[in-house]
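Protein chains: 2
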Amino acid sequence: MSASKRDVLIQRAFKIFQENGFHATGMDKLVKLTGVSKTAMYRHFRTKDDLILAVLKLRDEQFRNWLVQRIEELAQTPEQQLLALFDVLGEWFERDDFKGCMFIKASAEYQDDSHPLKVASAEHKRLLLVYFSNIAARTKAQDPGLLARQLLMLKEGAIVTAHLQGIEDVAREARKAAEVLLHAALAPE
Amino acid sequence: MSASKRDVLIQRAFKIFQENGFHATGMDKLVKLTGVSKTAMYRHFRTKDDLILAVLKLRDEQFRNWLVQRIEELAQTPEQQLLALFDVLGEWFERDDFKGCMFIKASAEYQDDSHPLKVASAEHKRLLLVYFSNIAARTKAQDPGLLARQLLMLKEGAIVTAHLQGIEDVAREARKAAEVLLHAALAPE
DNA sequence: CAACACATGTACCGATCGGTACATGTTGTC
DNA sequence: GACAACATGTACCGATCGGTACATGTGTTG
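Line by line, the protein sequences are chains H and D. Residue 1318 in our numbering sits at position 9 of the first sequence; the count goes up by one each step and never skips. Residue 1450 in our numbering sits at position 141 of the second sequence; the count goes up by one each step and never skips.
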């Protein structure tokens, strides 16, 4: 019960941070919007940074689980899965609650490389890279690691563009670029 | 004199915001680090947001001027100029004071689409898109607009990746991807 | 019922937030 | 030198920041 209540707390805090930013969201607002008392909040999390870190950890799990599941539902071959990333991105962008990537935003507000929140953000991106590198390695791409890194760069760019300029066609055009990169990697001249 | 002093003020504020973030930087710190008094600061800028907006406007000018100049120094044909973007990005990443893109960070802290700081950030990206669309239009690319948007997505992804994961090889690998995209756009099957 | 451990809400802490009132230079003009 | 116009520094405003002290429930165990 304590664990699940904690998770509910984290989930609500996630929404609030995602919509308002980290520094811009005070503990008073969090306490009010989550419904718990301040004492209870600080019993679960020693500091605000601890709370944010817990939010990032939960978000990392949930996002990667969702991404992997959707990709493997949509595509079976590794080649198709690499491209399906961008279809899933499109689904994400279309959601009403799409507010950009929380890890990009966290690294924007906590820039010091040694800051736990930046470390956690970098770790999230690293885990995604591991996943896609493994997929790429199952293709006949000449340099699977390079291909994975390039596709993930495209992914970050699509997210930033969708958040900043609007979502229209972004995922579709990113997918087209991904197709070109994939075909070139498979059939080099 | 007043104008140039104002510009100096903006320039110093830029550095401080770039290194510490917007919400995390208080006016007291800005006043202390820029050397002016608080009264003088508030005579030049009515509010903190006004100051940030002025910082973004100056940064927009300086960054685009620098980017255009370097690209045109490095390359003459439109095809080469599209690729030179990524060489210039590499130069930027190598700088000691590289701290990511201020406009991405501003849009992370001020998410409301109607917020002047987000508007200014989107406008910066739009102006870059106009510039590269014009270059792409001078190539034989089938869909120059698409190519420009894809290359700029790659650019944003490279910036985010360099800021979050480290700069190593990022610009070079982004350029390789750009080469593939460019060649495919020029010589479609 | 008594005694205890623990969860909760509230009132409050010093520090800092963005922003201003006001007293004190400093300057140009006559 | 007198005076107006403006620039400056400082002290301060109410609000909010992250975080805590403490008084008041609320079971749980004898």
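Built from N, CA and C at the ideal position, the CB exists for glycine as well. All values derive from a computational prediction rather than experimental measurement.
Return no unless some Cβ of chain D is closer than 8 Å to the Cβ of residue i.
{"i": "residue 1361 of chain H", "result": "no"}
{"i": "residue 1332 of chain H", "result": "yes"}
{"i": "residue 1481 of chain H", "result": "no"}
{"i": "residue 1432 of chain H", "result": "no"}
{"i": "residue 1489 of chain H", "result": "yes"}
{"i": "residue 1496 of chain H", "result": "no"}
{"i": "residue 1493 of chain H", "result": "yes"}
{"i": "residue 1486 of chain H", "result": "yes"}
{"i": "residue 1322 of chain H", "result": "no"}
{"i": "residue 1314 of chain H", "result": "no"}
Pick out whichever of the options has its Cα sitting closest to the Cα of residue i.
{"i": "residue 1443 of chain D", "options": "D/1340, D/1427, D/1386, D/1364", "result": "D/1386"}
{"i": "residue 1326 of chain H", "options": "H/1469, H/1373, H/1490, H/1357", "result": "H/1357"}
{"i": "residue 1400 of chain D", "options": "D/1414, D/1383, D/1416", "result": "D/1383"}
{"i": "residue 1460 of chain H", "options": "H/1472, H/1432, H/1414, H/1492", "result": "H/1492"}
{"i": "residue 1366 of chain H", "options": "H/1322, H/1481, H/1439", "result": "H/1322"}
{"i": "residue 1471 of chain H", "options": "H/1488, H/1445, H/1376, H/1406", "result": "H/1406"}
{"i": "residue 1411 of chain D", "options": "D/1331, D/1483, D/1396", "result": "D/1331"}
{"i": "residue 1373 of chain H", "options": "H/1344, H/1335, H/1435", "result": "H/1435"}
{"i": "residue 1316 of chain D", "options": "D/1415, D/1371, D/1337, D/1329", "result": "D/1371"}
{"i": "residue 1413 of chain D", "options": "D/1318, D/1339, D/1465", "result": "D/1465"}
{"i": "residue 1485 of chain H", "options": "H/1396, H/1329, H/1433, H/1340", "result": "H/1396"}
{"i": "residue 1368 of chain D", "options": "D/1320, D/1344, D/1343", "result": "D/1320"}
{"i": "residue 1483 of chain H", "options": "D/1481, D/1490, D/1482", "result": "D/1490"}
{"i": "residue 1402 of chain H", "options": "H/1439, H/1345, H/1468", "result": "H/1468"}
{"i": "residue 1462 of chain H", "options": "H/1441, H/1473, H/1446", "result": "H/1441"}
{"i": "residue 1343 of chain H", "options": "H/1481, H/1328, H/1424, H/1318", "result": "H/1318"}
{"i": "residue 1388 of chain H", "options": "H/1324, H/1375, H/1446", "result": "H/1446"}
{"i": "residue 1433 of chain D", "options": "D/1376, D/1408, D/1404", "result": "D/1376"}
Chain H beta carbons: is any one of them nearer than 8 Å to that of residue i?
{"i": "residue 1472 of chain D", "result": "yes"}
{"i": "residue 1466 of chain D", "result": "yes"}
{"i": "residue 1335 of chain D", "result": "no"}
{"i": "residue 1310 of chain D", "result": "The pLDDT assigned to residue 1310 of chain D is 40, lower than 50, so where the model puts this residue is not dependable; a value taken from the coordinates is nonetheless given after this. It does not: the Cβ of residue 1310 of chain D has no partner Cβ on chain H nearer than 8 Å."}
{"i": "residue 1420 of chain D", "result": "yes"}
{"i": "residue 1414 of chain D", "result": "yes"}
{"i": "residue 1429 of chain D", "result": "no"}
{"i": "residue 1469 of chain D", "result": "yes"}
{"i": "residue 1349 of chain D", "result": "no"}
Shorter than 7 Å, the distance from the beta carbon of residue i to the closest heavy atom of the ligand NAD, or not?
{"i": "residue 1329 of chain D", "result": "For the ligand NAD, the structure offers nothing, since it holds no ligand at all."}
For this session: Can you check the segment 1360 to 1445 of chain D for any alpha helix (DSSP H) of at least 4 residues that lies completely inside it and give the ranges in chain order?
Result: 1387 to 1403, 1411 to 1418
For this session: Taking 8 Å as the threshold, find out whether the segment 1443 to 1463 of chain D comes into contact with the segment 1444 to 1457 of chain H through three or more Cβ pairs.
Result: no
Exercise. With a cut-off of 8 Å, do at least 3 Cβ pairs link the segment 1465 to 1477 of chain D to the segment 1415 to 1426 of chain D?
Worked result: no
Exercise. When the Cβ atoms of the segment 1347 to 1357 of chain D are set against those of the segment 1488 to 1498 of chain H, are three or more pairs found closer than 8 Å?
Worked result: no
For this session: Count the CB pairs spanning the segment 1426 to 1435 of chain D and the segment 1360 to 1372 of chain D that are closer than 8 Å, and state whether there are at least three.
Result: yes
Exercise. Between the segment 1378 to 1411 of chain D and chain H, which residues of the former have a C-beta closer than 8 Å to a C-beta of the latter?
Worked result: 1408, 1409
For this session: With 8 Å as the C-beta to C-beta threshold (strictly closer), list the residues of the segment 1439 to 1464 of chain D near chain H in chain order.
Result: 1455, 1458, 1459, 1461, 1462, 1463, 1464
Problem set entry | Length at least 4, wholly inside the segment 1449 to 1490 of chain H: the alpha helix (DSSP H) runs in chain order | 1453 to 1474
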